[in-house]
Structure formats: structure tokens, C-alpha cells
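Residue numbers (the numbering used here): 2 to 140.
In C-alpha cells, the structure reads:
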């Protein structure tokens, strides 16, 4: 058995349309969607040890971004795990999203939309989300 994956779409730098002959070499193909919210929450809890309520906040905020497909921003389970690790180290969820998602975006208007969504969703402005103690635990 041979399994292959491919990233398609404009969000992936260097991707091109797949050649029909290449696609024809595979017996079947499918689309993998995001894991269900309950499973992702459990994944964060088991892998990082964060509390249930924080895991739920992270996944809800990630799903809110994922649902805005026109933004072209993908928050993968790898991102939510990194955010959970930061939260476990004492960083506020809002600050962890700032560093792990918002600041990775190159387009200023996309960053601004993410800021607005996260401020509304997590009920906190970014500048107030970082304590000196949490910064020391990361750096």
C-alpha cells in the first residue's frame, strides 16, 4: 500500500495544478477535513495537559478562523497544539494566537481581520494578553 498527500490551493507556495497522468496513478483520492471539535479538544488535553476549558477556547477560536474560508487562513491541528503548549507555559490564549497565527500572515488586511475576530471571540485585546511572567516562561 502506498499513501500520498498533496496540498492544493493558492495558500501553498509553489503549488501547481496536478498533472492528470500523475493523478491517474492513484486508485482513489479523498479530501480530509478538520477533525471534529470534541476530538481536537481531547487531542490538546492529552498531548499538552491543558485544562478542558482552555482547550475548548483554543479550538473554538481556531474553528471560527477556519470557517472564514475567504480569508485563506488555515489553523491546523499542529497550530492548535503549539498554541496549547504556549498556554500551558502561561501565555494567554489570545497572545498565543497572535504569535502563532496572526503574525504569520503577510497581508495587513488579513491580520486586521484576524485581530478583530480574535478580540471578539476571546474577549481580550492583544496588548493586555501578555504578562511579564508568561514571557519569562517562554524566553
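We put the CB at the ideal spot given by N, CA and C, even for glycine.
For residue j and residue i, the rounded distance between their alpha carbons
| i | j | result |
| --- | --- | --- |
| residue 58 | residue 28 | 40 Å |
| residue 105 | residue 49 | 23 Å |
| residue 54 | residue 26 | 45 Å |
| residue 19 | residue 52 | 42 Å |
| residue 74 | residue 66 | 7 Å |
| residue 117 | residue 71 | 15 Å |
| residue 90 | residue 98 | 14 Å |
| residue 76 | residue 69 | 11 Å |
| residue 92 | residue 30 | 40 Å |
Environment of residue i [buried if 16+ CB atoms lie within 10 Å]
| i | result |
| --- | --- |
| residue 45 | buried |
| residue 6 | exposed |
| residue 4 | exposed |
| residue 81 | buried |
| residue 95 | buried |
| residue 2 | exposed |
| residue 33 | exposed |
| residue 123 | buried |
| residue 121 | exposed |
Sequence-distant residues of the same chain with beta carbon closer than 6 Å to residue i, five excluded per side
| i | result |
| --- | --- |
| residue 115 | 103 |
| residue 101 | 80, 83 and 84 |
| residue 88 | 51, 55, 94 and 97 |
Sequence-distant residues of the same chain with beta carbon closer than 7 Å to residue i, five excluded per side
| i | result |
| --- | --- |
| residue 78 | 36, 41 and 44 |
| residue 38 | 60 and 64 |
Contacts around residue i, its chain only, beta-carbon distance under 8 Å, and the 5 residues preceding and following it disregarded
| i | result |
| --- | --- |
| residue 129 | Confidence at residue 129 is low in this model, with a pLDDT of 47, below 50, so its placement is unreliable and the value that follows should be read with caution. Same-chain partners within the cutoff: there are none. |
| residue 112 | 103, 104 and 106 |
| residue 86 | 49 |
Beta-carbon proximity of residue i to residue j, cut-off 9 Å
| i | j | result |
| --- | --- | --- |
| residue 145 | residue 56 | Since the displayed the chain opens at 2 and closes at 140, residue 145 lies outside it and no answer follows. |
Neighbour flag for residue i against chain D, beta carbons, 9 Å
| i | result |
| --- | --- |
| residue 75 | Looking at the structure shown, chain D is missing, and only one protein chain is on hand. |
Complete beta strand (DSSP E) runs within the segment 34–106 (minimum length 3 residues, chain order): none
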